[in-house]
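Going down the list, the protein sequences come from chains L and X.
Residue 103 in my numbering sits at position 103 of the first sequence, with consecutive numbering throughout.
Position in the second sequence counted from 1, then plus 337, gives you my numbering.
For reference, the structure discussed in these notes is given below.
2 protein chains.
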Amino acid sequence: MLHEVAIQARLAEGAEGVRRILRTVFMAEQIPVRNVAQEVGLPVPVVAAVRGELEKRGILTRKGGVSLTGKGLSVVQSELGLSCRKRFARPGVPPIPVVLKDLCGRFADIAERRPEVDVKLDQSHATPETVLRRAVYLYEHDALEGRNLLVLGDDDLTSVAVGLLAQHLEIVLGQVVVLECDGRLVDFLGVINEREGLPITVIARDLREDIPGDLCGQMDVFFTDPPYTLSGLSLFVSRGASALVPEVGKQGFVSFGRRSPDETVRAIGSLIEMGFAPVEIIPGFNEYVGAQVLGGVSQMIRLISTGKPQPLVTGTYHGALYTADLKRRRQGDRASH
Amino acid sequence: MLHEVAIQARLAEGAEGVRRILRTVFMAEQIPVRNVAQEVGLPVPVVAAVRGELEKRGILTRKGGVSLTGKGLSVVQSELGLSCRKRFARPGVPPIPVVLKDLCGRFADIAERRPEVDVKLDQSHATPETVLRRAVYLYEHDALEGRNLLVLGDDDLTSVAVGLLAQHLEIVLGQVVVLECDGRLVDFLGVINEREGLPITVIARDLREDIPGDLCGQMDVFFTDPPYTLSGLSLFVSRGASALVPEVGKQGFVSFGRRSPDETVRAIGSLIEMGFAPVEIIPGFNEYVGAQVLGGVSQMIRLISTGKPQPLVTGTYHGALYTADLKRRRQGDRASH
């Protein structure tokens with residue numbers, strides 16, 4: 001039955017993915033579909049498709065979001081062997097430190113005035129807590145004080161949180177540079193940096209173009225929350241690789257949504273190929289405002305360079321990049337067959 | 338200066354590694370060398386070598402373990418640009434739940450009577466808290482109830498913690514099998530399982546041999562804390578790959594010490610090659626009893642199978658496996674030149 005549902009719902013996670021959804025519903029008894037998605041790390045529409053198949057089979061019902069029918073409960077108990085609803089804390093991220101609550105509020109006020117999300121550019125705004133959490137995480141890993149930091153795409157305003165945290169801690173940053181293709185954001189960041197006195201350089205740049213020559217091999221750290229596509233990941237991290245000082249131990253921080261196992265193998269494989277060692281992966285680190293393609297969360301991947309960064313993309317990139325590009329190309333493919 | 342020290346101390350982490358050590362000492366003001374090692378994720382002897390080089394240069398002194406000299410402080414401030422000693426909580430593992438404290442005590446009593454560490458086999462005992470934390474982590478990720486679980490090498494007694502937790506939660510495990518080459522441990526586990534009524538099968542097996550044929554393709558989950566070497570990792574995970582049901586979404590849990598960036602790329606690369614997607618990496622998850630080669634901690638790597646597990650090793654393995662083998666071979670190499 002699990003296999004059948006996985007096939008009908010085209011679930012890349014297979015029967016195991018269906019089982020995880022059923023276990024989540026079983027443990028919660030009643031749960032909104034969005035929370036199921038977050039818990040199992042799948043996009044909401046994907047979970048909804050599986051729910052649909054399980055409803056057809058009389059296993060799930062919509063009572064209180066999603067819940068098991070009588071038949072569903074007996075399937076879960078007898079076929080999956082599940083009986084225990086106890087939950088324990090999982091490894092995770094600490095809450096925003098109390099001493100930084102005010103700072104978080106200040107950041108949230110700034111973030112409220114930023115330009116609207118442009119979905120064509122795979123933008124989606126991380127919550128203020130998430131963005132401040134990133135700044136703290138960077139600080140803890142020696143990625144701020146005295147460091148040259150490159151932010152590749154910044155609709156989340158991570159550079160602003162970094163600047164505000166540096167002010168709060170009274171630390172001196174190295175050269176902090178943002179490369180951003182969205183003119184509205186470039187303007188907005190410029191205004192904020194001016195007003196708040198943040199020593200951050202914002203450059204209008206489509207990352208399909210190579211990074212400015214004077215940044216190559218100059219950075220200690222890069223940060224990116226790239227477009228959702230695997231080519232987006234590969235392109236943005238390539239730009240980061242080009243920017244790092246070519247010696248061992250430089251750092252990359254990559255926020256990236258949970259993927260199917262196959263895609264994850266390709267994604268992590270591409271980081272490895274570029275000469276980066278993943279030393280920490282935190283599944284639910286980033287939370288995003290509003291309903292999101294990827295269930296509203298993404299993982300944080302901390303990378304250490306091996307000293308021989310090998311960008312997979314150099315020069316200008318001409319391929320598909322954003323989710324919308326891929327859809328367009330796929331439709332084009334279909335139309336031409 | 339950082340580069341020079343890294344070269345003299347043969348630090349694979351390079352100048353950045355030296356900087357991290359200096360920052361750790363700077364932040365703590367006075368700190369035992371062992372804690373520095375834990376903090377930066379390097380083996381104690383490696384940190385000690387760097388300390389030696391920094392002492393020669395008048396930057397560190399042994400006051401209270403390790404601390405900066407006046408000259409050292411000015412180097413850290415002016416050359417590294419560090420000024421801030423504030424610390425924030427990092428992402429990490431939750432403490433053992435209060436409801437499991439008694440269970441943890443029971444496990445600790447059992448663990449106290451186990452056979453001594455055999456260093457020739459790269460054994461080293463995880464602390465009771467660590468082993469129970471593993472069992473809870475497995476439970477949270479649906480790796481226990483109704484699941485077939487293979488434990489590859491078990492000097493940590495992870496299978497015992499799993500069995501005790503299952504009793505406590507009143508859940509029914511699938512088939513739980515331990516493959517262990519150390520006859521003393523096989524006997525010990527047999528006695529404990531009998532006495533505690535744990536439904537666990539322990540088989541004497543050197544993992545240089547392939548796993549028993551009737552386990553191939555049967556397991557939902559494997560767990561391993563393999564020998565320290567990269568070939569040990571690759572071999573044990575290969576055995577796990579052979580044991581898993583060949584479909585997407587099956588899980589592997591691998592405890593492995595922090596390595597140099599180059600070795601980490603090779604280690605994670607080998608997991609990727611075997612068709613495993615790393616979905617979580619938790620740096621300090623495992624703590625070990627006593628002074629340890631790898632600074633007393635190791636990371637937990639959670640893997641999801643892509644459904645096409647491709648063990649890098651099949652059949653009997655004839656290469657070097659344990660740290661002692663590698664040393665012997667290296668000495669042999671030298672002797673023969």
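Yeah, the Cβ is synthetic: ideal placement off N, Cα and C, and Gly gets one too.
Next on the checklist: Rounded to whole angstroms, what is the Cα-Cα separation between N485/X and D156/L?
Outcome noted: Walking along the second sequence from the start, residue 485/X turns up at place 148. Walking along the first sequence from the start, residue 156/L turns up at place 156. Going from the Cα of N485/X to the Cα of D156/L covers about 43 angstroms.
Next on the checklist: For K250/L, count the other beta carbons within 10 Å of its own beta carbon; 16 or more makes it buried, fewer makes it exposed. Which is it?
Outcome noted: Reading the first sequence from its first residue, position 250 is the one you call residue 250/L. Its Cβ being crowded by 16 or more others within 10 Å, K250/L is buried.
Checklist entry - In whole angstroms, what separates the C-alpha of P428/X from that of P94/L? => result Reading the second sequence from its first residue, position 91 is the one you call residue 428/X. Reading the first sequence from its first residue, position 94 is the one you call residue 94/L. Distance between the alpha carbons of P428/X and P94/L: 6 angstroms.
Checklist entry - CB T361/X to CB V377/X, shorter than 8 angstroms? => result For this step, residue 361/X is matched to residue 24 along the second sequence. For this step, residue 377/X is matched to residue 40 along the second sequence. The Cβ atoms of T361/X and V377/X sit closer than 8 angstroms to each other.
Checklist entry - So S255/L is in the beta strand (DSSP E); what residue range does that whole segment cover? => result Numbered from 1 along the first sequence, position 255 holds the residue referred to as residue 255/L. Looking at the DSSP string, the run of the beta strand (DSSP E) that includes S255/L is 248-256.
Item to check | Reduced DSSP secondary structure (H/G/I, E/B, other) of L339/X | outcome: Looking up residue 339/X in the second sequence gives position 2. It is helical.
Checklist entry - With a CB to CB cut of under 6 angstroms and the five nearest residues on each side skipped, what residues in its chain are close to H340/X? => result As a first step, residue 340/X is located in the second sequence; it is residue number 3 there, counting from the start. Around H340/X: A352.
Next on the checklist: Here's the rule I'm using: 16 or more other beta-carbon atoms within 10 Å means buried, otherwise exposed. How should R10/L be labelled?
Outcome noted: Along the first sequence, read from residue 1 onward, the residue named residue 10/L stands at position 10. The residue is exposed, with fewer than 16 neighbouring Cβ atoms inside 10 Å.
Next on the checklist: So, for I358/X: in the same chain, excluding its five sequence neighbours on each side, which residues have a beta-carbon less than 7 angstroms away from its beta-carbon?
Outcome noted: For the purposes of this step, residue 358/X is identified with residue 21 of the second sequence, where counting begins at 1. Cβ neighbours of I358/X beyond the five flanking positions: V373, V377, V384, V387.
Item to check | Cβ-Cβ distance between V254/L and L303/L below 8 angstroms | outcome: Here residue 254/L refers to the residue found at position 254 when the first sequence is read from its first residue. Here residue 303/L refers to the residue found at position 303 when the first sequence is read from its first residue. In this structure, L303/L lies closer than 8 angstroms to V254/L by Cβ.
Checklist entry - Out of G52/L, F88/L, E170/L, I282/L, which has the shortest C-alpha to C-alpha gap to L502/X? => result Locating residue 502/X in the second sequence gives position 165, where the first residue counts as 1. Checked all of G52/L, F88/L, E170/L, I282/L; the closest Cα to L502/X is F88/L.
Checklist entry - Can you tell me the Cα-Cα spacing of H674/X and V265/L, whole angstroms? => result Here residue 674/X corresponds to residue number 337 of the second sequence, with the count starting at 1. Here residue 265/L corresponds to residue number 265 of the first sequence, with the count starting at 1. Low per-residue confidence applies at H674/X: pLDDT is 34, beneath 50, and the placement is therefore not dependable enough to give any value.
Item to check | Where F223/L falls: helix, strand or coil (DSSP) | outcome: The sequence position of residue 223/L within the first sequence is 223, counting from 1. Three-state DSSP puts F223/L in a strand.
Item to check | For Y288/L: DSSP bridge partner residues | outcome: As a working mapping, residue 288/L is identified with position 288 in the first sequence. Partner(s): A126/L.
Next on the checklist: Quick check on the burial criterion: 16 or more other C-beta atoms within 10 angstroms. Buried or exposed for S415/X?
Outcome noted: As a position in the second sequence, residue 415/X is number 78, starting the count at 1. Looking at its Cβ environment, which holds fewer than 16 other Cβ atoms inside 10 Å, S415/X is exposed.
Checklist entry - From T660/X to V509/X, what distance separates their C-alpha atoms? => result Position 323 of the second sequence, counting from 1, holds the residue named residue 660/X. Position 172 of the second sequence, counting from 1, holds the residue named residue 509/X. Taking the straight line joining both Cα atoms gives about 38 angstroms.
Next on the checklist: Could you tell me the alpha carbon to alpha carbon distance between G183/L and Q367/X, rounded to whole angstroms?
Outcome noted: One-based indexing of the first sequence puts residue 183/L at position 183. One-based indexing of the second sequence puts residue 367/X at position 30. Cα-Cα distance, rounded: 49 angstroms.
Item to check | Nearest to V221/L (by Cα), restricted to the options I203/L, A241/L, G290/L | outcome: Locating residue 221/L in the first sequence gives position 221, where the first residue counts as 1. Minimum Cα distance to V221/L is reached at A241/L.
Checklist entry - Checking contacts by CB at 8 angstroms: is F256/L closer than that to chain X? => result Residue 256/L sits at position 256 when you count from the first residue of the first sequence. Residue-level contact check: F256/L does not touch chain X, since none of the beta carbons of chain X fall below 8 angstroms from its beta carbon.
Next on the checklist: So, with DSSP's three-state summary, where would you put P94/L?
Outcome noted: As a working note, residue 94/L is residue 94 in the first sequence. Three-state DSSP puts P94/L in coil, outside helix and strand.
Item to check | Unbroken beta strand (DSSP E) run spanning V515/X, endpoints | outcome: Within the second sequence, the letter at position 178 stands for residue 515/X. Start and end: 513-517.
Checklist entry - Using DSSP with H/G/I as helix, E/B as strand and the rest coil, what is I548/X? => result Sequence index remark: in the second sequence, residue 548/X carries index 211 (1-based). Looking at I548/X - three-state DSSP - the assignment turns out to be coil, as it is neither helix nor strand.
Checklist entry - Any idea what DSSP makes of L486/X, helix, strand or coil? => result Within the second sequence, numbered from 1, the residue matching residue 486/X stands at position 149. The answer is strand: DSSP assigns L486/X an E or B state.
Checklist entry - What's the C-alpha gap between G389/X and E466/X? => result Within the second sequence, residue 389/X is the residue found at index 52, counting from 1. Within the second sequence, residue 466/X is the residue found at index 129, counting from 1. Their backbone Cα atoms lie some 34 angstroms apart in a straight line.
Next on the checklist: Quick test of your reading: F107/L and V76/L, contact by CB under 8 angstroms. State the CB separation rounded to the nearest angstrom.
Outcome noted: Against the first sequence, residue 107/L aligns to sequence position 107. Against the first sequence, residue 76/L aligns to sequence position 76. Wrong, their Cβ atoms sit about 43 angstroms apart, outside the cutoff.
Next on the checklist: I'd like to check one pair, T495/X with R532/X: are the Cβ atoms closer than 8 angstroms?
Outcome noted: Looking up residue 532/X in the second sequence gives position 195. Looking up residue 495/X in the second sequence gives position 158. Against a cut-off of 8 angstroms, the Cβ pair of T495/X and R532/X comes out as no contact.
Checklist entry - Taking three-plus beta-carbon pairs below 8 angstroms as touching, is the segment 650-659 of chain X in contact with the segment 532-547 of chain X? => result yes
Next on the checklist: Taking a contact to mean a Cβ-Cβ separation below 8 angstroms, would you say M556/X touches V582/X in this structure?
Outcome noted: Start at 1 with the first residue of the second sequence, and residue 556/X comes out as number 219. Start at 1 with the first residue of the second sequence, and residue 582/X comes out as number 245. Contact: yes.
Next on the checklist: Please give me, in chain order, every unbroken run of the beta strand (DSSP E) with length at least 3 that falls completely inside the segment 23-54 of chain L.
Outcome noted: none
Item to check | Reduced DSSP secondary structure (H/G/I, E/B, other) of R576/X | outcome: On the second sequence, residue 576/X is found 239 positions in, with the first residue counted as 1. Residue state, collapsed to three classes: helix.
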